[in-house]
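In what follows, a single structure is set out as structure tokens and then discussed.
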Amino acid sequence: MSLYRDTGVVLRVQKLGEADRIVTLLTRRHGKIRAVAKGVRRTTSRWGARLEPFNHVDVQCWTGSNPNKPGLDIVTQAQTVDAFGGGIVADYSRYTAGCAILETADRLVAEEGEPSIRVYLLVVGAIRALSARERDLSLVLDAFFLRAMTHAGWAPAITECARCAEPGPHAAFNIAAGGAVCPRCRPPGSVQPSPETYRLLDALLHGDWDTADAATGVTRRDTSGLVAAHLQWHLERQLRSLPFVERRAATAPPVTG
């Protein structure tokens, strides 16, 4: 048995017994961990509210000390670093976007105990931006998706052909092929996003917020559709939370060709 301390974002919780919870966190140094928080569902618990999804916490855990649940650590202390949940859960649109971020992080970091500092920092930054309400939630969500896919090696090709690497711009986009495709490599069923959609994809990937903020509602919706489809193609199944995310701008489907 050993004691360790780390900071992390609460990804999800589930009930255990009558008063306990299993808490899944994405931490800075230990990657994804699951730990039992004893008694936190009781009304007398002093720190149960700190271990709620979206919150950024400093936790102390015992490892290997739970004979009833092998593989699960025990949370012995929890202190709030950032109470991001307060700025998210009261707004349905931001709550659903936040759930999509947490679910994506949970899927991308499959192995428990393996450090994943880049995904951790991306999650903290995205949840902080949602909580602060300083940017459009669709832009925050899509920027997170694109950067998380870059970490996983799934980033869509935007400025060059995904198959032959010929420099663009290219008109066609094919999810199965990996993004933008030149006329020679273009598979059947490719879509043809607008140049504005390509510019927004590149801006979100590289943090050009001036360009992103200037994008029209239709461009944002088209971009969101491509990003979500690309992500779920690589995850090989749909994100449960994504259909509930509210997109307020009018939509216009990409032109197929």
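Position 164 of the sequence shown, counting from 1, maps to 164 under the UniProt record's numbering, and the rest follow consecutively.
C-beta: ideal position from N, C-alpha, C; glycine also.
In this text, all values refer to a predicted model and were calculated from it rather than measured experimentally.
{"query": "Tell whether a beta-carbon distance below 8 Å holds between Tyr94 and Leu130.", "result": "A small fix is needed here, since residue 94 is Arg in this sequence, not Tyr. In contact: Arg94 and Leu130 (Cβ atoms closer than 8 Å)."}
{"query": "Counting beta carbon pairs with one atom in the region 214-230 and one in the region 163-183, are three or more of them shorter than 8 Å?", "result": "yes"}
{"query": "Would you check if there are 3 or more beta carbon pairs closer than 8 Å linking the region 101-117 to the region 187-203?", "result": "no"}
{"query": "Output the residue ranges of the alpha helix (DSSP H) runs that lie fully inside the region 120-194 and measure 4 residues or longer, sorted by chain position.", "result": "137-152"}
{"query": "If you reduce the DSSP assignment to three classes, tell me which class Thr96 lands in.", "result": "helix"}
{"query": "Hey, how far is the Cα of Arg44 from the Cα of Thr76?", "result": "The amino acid occupying residue 44 in the given sequence is Thr; Arg does not appear at that position. Cα to Cα, the separation comes out at about 16 Å."}
{"query": "Express the C-alpha separation of Ala78 and Gln60 in angstroms, rounding to a whole number.", "result": "6 Å"}
{"query": "Taking the CB atoms as reference points, tell me whether Asp106 and Arg12 lie closer together than 8 Å.", "result": "yes"}
{"query": "Whole angstroms are fine: how far does the CA of Arg184 sit from the CA of Leu25?", "result": "45 Å"}
{"query": "Considering only the beta carbon of each residue, do Trp154 and His206 sit closer than 8 Å?", "result": "no"}
{"query": "What are the boundary residues of the beta strand (DSSP E) that Val10 is part of?", "result": "Ser2 to Leu16"}
{"query": "Should Thr223 and Leu201 be called a contact, given that it needs their Cβ atoms to be closer than 8 Å?", "result": "yes"}
{"query": "Using the beta-carbon count (16 or more within 10 Å), is residue 258 buried or exposed?", "result": "Any answer about residue 258 is impossible in this case: the structure gives the chain only from 1 up to 257."}
{"query": "Gly31 by DSSP, collapsed to three states: which one?", "result": "strand"}
{"query": "Between which two residues does the alpha helix (DSSP H) containing Trp209 stretch?", "result": "Trp209 to Asp213"}
{"query": "Tell me the rounded alpha-carbon separation between Phe145 and Ala171.", "result": "22 Å"}
{"query": "Name the DSSP beta bridge partners of His56, please?", "result": "Val9 and Asp82"}
{"query": "Thinking C-alpha only, which one of Glu160, Cys164 and Ala35 is nearest Gly8?", "result": "Ala35"}
{"query": "Which residues does DSSP pair with Ala21 in a beta bridge?", "result": "According to the sequence as given, residue 21 is Arg; it is not Ala. Looking at the DSSP assignment, Arg21 forms a beta bridge with Lys15 and Ala37."}
{"query": "Please go through the same chain and pick out, in chain order, the residues whose beta-carbon is closer than 6 Å to the beta-carbon of Lys32, but skip the five residues on each side of it.", "result": "Leu26, Val109 and Glu112"}
{"query": "Can you tell me the Cβ-Cβ gap for Leu141 and Ile88, rounded? I've got them flagged as a contact below 8 Å.", "result": "The Cβ separation is near 12 Å, so there is no contact."}
{"query": "Just reading off the alpha helix (DSSP H) that Ala228 is part of, what are its end residues?", "result": "Gly217 to Leu235"}
{"query": "Could you tell me if Asp20 is buried or exposed, where buried requires 16 or more neighbouring beta carbons within 10 angstroms of its beta carbon?", "result": "buried"}
{"query": "With H, G and I counted as helix, E and B as strand and the rest as coil, what does DSSP make of Leu26?", "result": "strand"}
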